[in-house]
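Here is the structure we will look at, set down as structure tokens.
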Amino acid sequence: MNMPASDNNSTAQLFQSAEAHLPGGGLGGYALAEDIRLIFSHGRGARFWDTSGNEYIDYAGGAGALILGHAHPAVTAASHAQMQRGGHMFGVLSDIGITLAERLVADIPAAEKIAYATTGSEATAYAMRLARAATGRNKVLKFEGAYHGNHDYALVSTFSPVKTYPHGNADTAGQPQAVRDSMLIAPYNDLAKTSEIAEAHANDLAAIIVEPVQRIIRGQSEFLHGLRALCDKLGAVLIFDEVVTGFRVAYGGAHAALGIRPDLASFGKVIGGGGPLACVAGRADIINLADPAKKGSADYTYFNGTLHGNPVAAAATIVMLDELAIAGTYQRLNSMTEMFCREAQTILNKNNIPAIATHVGSLWQFLFMKQAPQNYADIVASDGAAMRRLDSEMIKRGQYMLPGVRRFVSLVHEEEDFNNTLQALNAACKAL
562 MNMPASDNNS TAQLFQSAEA HLPGGGLGGY ALAEDIRLIF SHGRGARFWD
612 TSGNEYIDYA GGAGALILGH AHPAVTAASH AQMQRGGHMF GVLSDIGITL
662 AERLVADIPA AEKIAYATTG SEATAYAMRL ARAATGRNKV LKFEGAYHGN
712 HDYALVSTFS PVKTYPHGNA DTAGQPQAVR DSMLIAPYND LAKTSEIAEA
762 HANDLAAIIV EPVQRIIRGQ SEFLHGLRAL CDKLGAVLIF DEVVTGFRVA
812 YGGAHAALGI RPDLASFGKV IGGGGPLACV AGRADIINLA DPAKKGSADY
862 TYFNGTLHGN PVAAAATIVM LDELAIAGTY QRLNSMTEMF CREAQTILNK
912 NNIPAIATHV GSLWQFLFMK QAPQNYADIV ASDGAAMRRL DSEMIKRGQY
962 MLPGVRRFVS LVHEEEDFNN TLQALNAACK AL
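Residues 562 to 993 in the numbering used here are what the sequence shown spells out, letter by letter.
Encoded structure:
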């Protein structure tokens, strides 16, 4: 699957058009280097093709959303059938949207009710808003290096290390100082320091928001259970950001596997079936603050979006959940990832590459460190440049992953795919 060099005129023209009409010629915060950049054409199963005809094994998987791979037949059929019935009804309940809501409340342990959103970023922003409304407090505690989306409240010490806890750094221009001052930052997996910060701000602490798996860092059970007890003690709202982990590490979300009941949980990616749909799930008394009948009351919490409850995405999600609910699905998905990382580690060791192939469930990554990270400081201390070089060499050999970013195994990856990737890894190690 080595990628042939290509000077395809149409691809070159597309790049020129992208650079002329999009900032940096891209779609967001990630841009591939000149020698590995590509333009997606189409995908099927675990693979996709670029506009120059090069084939890739895809481990980005829509940032984890495509747990069934590209163009899954059941998802495609359900989406097409709903499009024929109608693809969009702004502000109007749809039968399929109600059916999905019933399913999510039944399948998500923390969900007494759900409120729809469009993206994971919306879902975390709404969850923070609900927490402030429910408590009458202003501050939210998040963890250093945690990514909760693209809104102002999320982009505090997401990409930059903290100099002095709990004061975070702005990760974007255009962010009001007042927003940054409302966020408290603590080190992940450090319950003692988190408790110290939370208790110092207890009178104005609305919520603690946490990813049960932060990037590729596993949340320790005692740490996550401790956050539940801490929020109970202080009267704060515990928010689990399950945008990545929801229905990815376990059916119903990571909190289902951990046996922890957060007050609110934000879902996206897998919830949406690859389409524009997300939700906030949680306690009915908190979710009900978004009831339009409460407009005019002091605690009414505004939720609204053109694509909320999108019927095409809802139809896709229902069939995706049907596939994921099949007995043994997550055991198979996680065991495939464990096997792959074990074989990858053997290759790294044989080539004297000082890196680990680490995974949590079906999330995995190559990291240039000696053992699995416990917090963001461990990530910062690793050799990020070497990690990105290895990832870039993998892309050159037909393995798609964003350099320096965790990646995913999907249910359609097969033994042939893993063997191909392991061969590419061996060649990439030698190229280093």
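C-beta atoms are modelled at their ideal positions from N, C-alpha and C, and glycine is treated no differently.
In this text the structure is predicted, and so the values were computed from the model without any measurement.
Mapping DSSP to helix, strand and coil, what is residue i?
{"i": "Ser571", "result": "helix"}
{"i": "Val941", "result": "helix"}
{"i": "Gly625", "result": "helix"}
{"i": "Pro565", "result": "At Pro565 the pLDDT is 41, less than 50, meaning the model places this residue with poor confidence; the figure from the coordinates comes in the next sentence. Coil."}
{"i": "Asp751", "result": "coil"}
{"i": "Ser896", "result": "helix"}
{"i": "Tyr708", "result": "coil"}
{"i": "Lys856", "result": "coil"}
{"i": "Tyr961", "result": "strand"}
{"i": "Gly843", "result": "strand"}
{"i": "His631", "result": "strand"}
{"i": "Ile848", "result": "helix"}
{"i": "Asn912", "result": "coil"}
{"i": "Thr696", "result": "helix"}
{"i": "His762", "result": "coil"}
Output the boundary residues of the alpha helix (DSSP H) element that contains residue i.
{"i": "Asp742", "result": "Gln738 to Asp742"}
{"i": "Gln935", "result": "First-last for Gln935: undefined, no H or E at that position."}
{"i": "Leu819", "result": "Ala815 to Leu819"}
{"i": "Ala790", "result": "Ser782 to Leu795"}
{"i": "Thr637", "result": "Pro634 to Arg646"}
{"i": "Leu882", "result": "Pro872 to Leu885"}
{"i": "Val717", "result": "Note, Val717: premise wrong, no alpha helix (DSSP H); not H, not E."}
{"i": "Ala662", "result": "Asp656 to Asp668"}
Hey, how far is the Cα of residue i from the Cα of residue j?
{"i": "His974", "j": "Asp619", "result": "9 Å"}
{"i": "Ser827", "j": "Ala684", "result": "5 Å"}
{"i": "Ser567", "j": "Asn615", "result": "Unreliable positioning characterises Ser567 in this predicted model, as indicated by a pLDDT of 47, which lies under 50. The coordinate reading is nonetheless provided below. For Ser567 and Asn615, the distance between alpha carbons rounds to 9 Å."}
{"i": "Val634", "j": "Gln736", "result": "The question names Val, but residue 634 is Pro in the sequence shown. Answer to the nearest angstrom: the Cα atoms are 43 Å apart."}
{"i": "Leu665", "j": "Asn913", "result": "47 Å"}
{"i": "Asn750", "j": "Gln932", "result": "15 Å"}
{"i": "Phe808", "j": "Val970", "result": "13 Å"}
{"i": "Val717", "j": "Ala594", "result": "26 Å"}
{"i": "Gly630", "j": "Leu972", "result": "7 Å"}
{"i": "His712", "j": "Gly843", "result": "21 Å"}
{"i": "Ala694", "j": "Gly870", "result": "23 Å"}
{"i": "Gly866", "j": "Pro837", "result": "11 Å"}
{"i": "Ala938", "j": "Pro722", "result": "7 Å"}
{"i": "Arg605", "j": "Tyr617", "result": "11 Å"}
{"i": "Val805", "j": "Ala811", "result": "11 Å"}
{"i": "Leu588", "j": "Asn570", "result": "22 Å"}
{"i": "Ser923", "j": "Tyr891", "result": "9 Å"}
{"i": "Lys957", "j": "Ala985", "result": "9 Å"}
{"i": "Leu983", "j": "Leu885", "result": "27 Å"}
{"i": "Gly889", "j": "Asp883", "result": "13 Å"}
{"i": "Ala573", "j": "Leu963", "result": "21 Å"}
{"i": "Val636", "j": "Leu752", "result": "41 Å"}
{"i": "Asn936", "j": "Gln645", "result": "48 Å"}
{"i": "Ala715", "j": "His728", "result": "14 Å"}
{"i": "Gly681", "j": "Gly623", "result": "13 Å"}
{"i": "Asn730", "j": "Thr719", "result": "8 Å"}
{"i": "Gln738", "j": "Asp732", "result": "12 Å"}
{"i": "Ala678", "j": "Val841", "result": "7 Å"}
{"i": "Met562", "j": "Asn981", "result": "For Met562, the predicted model reports a pLDDT of 46, less than 50, meaning its position is unreliable and no value from the coordinates is stated."}
{"i": "Ile777", "j": "Val941", "result": "13 Å"}
{"i": "Lys830", "j": "Ala877", "result": "12 Å"}
Tell me, please, whether the CB atom of residue i is closer than 8 Å to any CB atom in chain C?
{"i": "Ala688", "result": "No chain C appears in this structure, which consists of one protein chain only."}
Tell me which residue opens and which closes the beta strand (DSSP E) that residue i is part of.
{"i": "Gln926", "result": "Leu924 to Leu928"}
{"i": "Leu825", "result": "Leu825 to Phe828"}
{"i": "Thr679", "result": "Run containing Thr679: none; DSSP gives neither H nor E here."}
{"i": "Ile769", "result": "Leu766 to Val771"}
{"i": "Arg605", "result": "Phe601 to Arg605"}
What does DSSP give as the partner residue(s) for residue i in the beta ladder?
{"i": "Leu838", "result": "Its beta-bridge partners do not exist; DSSP assigns none."}
{"i": "Thr725", "result": "His728"}
{"i": "Ala995", "result": "Lying before the first or after the last residue shown, residue 995 is absent from the chain, which here runs from 562 to 993."}
{"i": "Ala811", "result": "Gly807"}
{"i": "Glu616", "result": "Trp610"}
{"i": "Arg968", "result": "Trp925"}
{"i": "Ala918", "result": "Phe927"}
{"i": "Gln775", "result": "Ile778"}
{"i": "Phe801", "result": "Val771 and Ala826"}
{"i": "Ile995", "result": "One cannot answer for residue 995 here, as it falls past the ends of the chain, which runs 562 to 993."}
Please confirm whether any heavy atom of the ligand MG lies closer than 7 Å to the CB of residue i.
{"i": "Ile597", "result": "The model on display carries no ligand, and the ligand MG is accordingly not part of it."}
Flag this pair as touching only if the segment 696–707 and the segment 768–775 have three or more C-beta atom pairs under 8 Å; answer yes or no.
yes
Contact between the segment 812–827 and the segment 783–799 (3+ Cβ pairs under 8 Å)
yes
If we count Cβ pairs, one from each stretch, closer than 8 Å, do we get three or more for the segment 705–712 versus the segment 849–859?
Under the three-pair Cβ rule at 8 Å, the segment 705–712 does not count as touching the segment 849–859.
Okay, do the segment 667–677 and the segment 897–909 touch, 3+ Cβ pairs below 8 Å being the bar?
no
Pairing CB atoms from the segment 575–583 with CB atoms from the segment 936–956, are three or more of them under 8 Å?
no
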